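**Student:** This is the structure I have questions about; it appears just below.
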Amino acid sequence: MSDSTNNNPEASGQIPNSNPKNWFASWFNSPYYHILYKERNYREAQLFMDNLTHYLNLPEKAKVLDLACGKGRHAIYLNQLGFNVVGADLSENSILEAQKNSNETLHFQVHDMRETFEDKFDAIFNLFTSFGYFENDEDNLTTLKAIKESLTEYGFAVIDFMNVTNVLNTLVPEEVKTVDEIDFHIKRYLKDGHIYKEIDFEDQGQKFHFTEKVKALTLKDFEEMMEEAGIFLLDIFGDYKLKKFHKTESERLIMIFK
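Under UniProt numbering, the first residue of the sequence shown is numbered 1, with each subsequent residue one higher.
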């Protein structure tokens with residue numbers, strides 16, 4: 001499912017409020033977000049989860065947090081693998097949808113990723129570029145610290161981010177994507193250290209405009225933040241098969257830390 005900004009910088013958002021700067025508040029709660037990104041490769045996502053949990057060698061019934069879980073597809077699959085899973089997201093609409101799949105070992109809640117959890121987790125997964133959406137860069141460091149504080153003593157965390165170098169080298173500036181008879185006009189560009197994605201479309205006689213904005217964080221940026229947060233970076237991979245990371249060629253930047 002490579003969700004590079006060429007097709008889908010997938011993330012799950014922050015608390016809806018009146019601040020217009022928080023674009024993710026309205027976009028991630030919009031039904032059009034899920035229409036535009038409906039054709040995702042679920043099998044590839046499942047293989048990634050298989051590879052990741054095998055690599056981490058998580059204990060049976062380990063407590064796993066899917067941080068920025070959206071509608072919960074990865075949390076649901078992790079639960080099917082036998083783990084005790086919590087899915088957390090700031091989109092209330094997504095959590096309401098995800099909660100339809102709740103059971104004794106699968107729970108969902110609205111949560112701001114900048115805040116520490118009361119519970120401690122054996123593993124925390126932040127998947128498919130669900131990071132770097134805050135207006136204030138300090139919030140990225142705050143999020144890393146919150147992840148660290150929410151881990152058990154022997155727990156692992158994973159951030160799966162886009163490989164910015166590869167994304168910028170292959171960026172498609174403009175395209176039209178038609179889904180459910182809606183023509184989404186998409187523009188992409190780099191500005192002020194962020195990758196922007198402008199989305200314009202019409203539906204039922206009404207015009208819509210949304211903007212996605214992701215901080216163009218490189219491995220070096222993450223390393224500096226992790227050092228400041230007191231996080232130990234254990235391993236780095238470049239795709240969902242957990243192949244070695246190459247700065248220019250890899251589609252993903254997958255970081256394992258504790």
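The beta-carbon is built from N, C-alpha and C at its ideal position, and this holds for glycine as well. The structure displayed is predicted, hence computed values, not measured ones.
At the level of alpha carbons, what is the spacing between N84 and Q204?
**Tutor:** The alpha-carbon atoms of N84 and Q204 are separated by roughly 43 Å.
**Student:** Do G155 and K187 have their CB atoms nearer than 9 Å?
**Tutor:** Not in contact: G155 and K187 (Cβ atoms no closer than 9 Å).
**Student:** Output the boundary residues of the alpha helix (DSSP H) element that contains Y77.
**Tutor:** Start and end: R73 to Q80.
**Student:** Going by C-alpha to C-alpha distance, which of A68, P173, I124 and V110 sits closest to T152?
**Tutor:** Residue I124 is the option with its Cα nearest to T152.
**Student:** Within the same chain, show all residues whose beta-carbon is closer than 8 Å to that of H246, passing over the 5 residues directly before and after it, in chain order.
**Tutor:** Excluding residues within five positions, the ones whose Cβ falls inside 8 Å are G238.
**Student:** What's the call for G70, buried or exposed, on a 16-neighbour Cβ count within 10 Å?
**Tutor:** Classification of G70: buried, given that the 10 Å Cβ count is 16 or more.
**Student:** Leaving out five residues before and five after N166 in sequence, what residues of the same chain have Cβ atoms less than 8 Å from its Cβ?
**Tutor:** Same-chain partners within the cutoff: S4, T248, E249, S250 and E251.
**Student:** What is the residue span of the beta strand (DSSP E) that L144 lies within?
**Tutor:** Unbroken run through L144 is the alpha helix (DSSP H), E138 to E149; no beta strand (DSSP E).
**Student:** Are there 16 or more other CB atoms within 10 angstroms of the CB of L234, so buried, or fewer, so exposed?
**Tutor:** Result: exposed.
**Student:** What separation, rounded to the nearest whole angstrom, lies between the Cα atoms of W27 and N136?
**Tutor:** Cα to Cα, W27 sits roughly 19 Å from N136.
**Student:** Report buried or exposed for L96, applying the criterion of at least 16 other Cβ atoms within 10 angstroms of its Cβ.
**Tutor:** Exposed.
**Student:** By how many angstroms is the C-alpha of K241 removed from the C-alpha of L219?
**Tutor:** So the alpha carbons of these two residues sit roughly 19 Å apart.
**Student:** What does the alpha-carbon distance come out to for the pair E104 and F257?
**Tutor:** Going from the Cα of E104 to the Cα of F257 covers about 28 Å.
**Student:** How many Å lie between E198 and I35 at the Cα?
**Tutor:** Cα to Cα, the separation comes out at about 16 Å.
**Student:** How far does the beta strand (DSSP E) with A88 in it extend, from its first residue to its last?
**Tutor:** A88 -> beta strand (DSSP E) spans N84 to D89.
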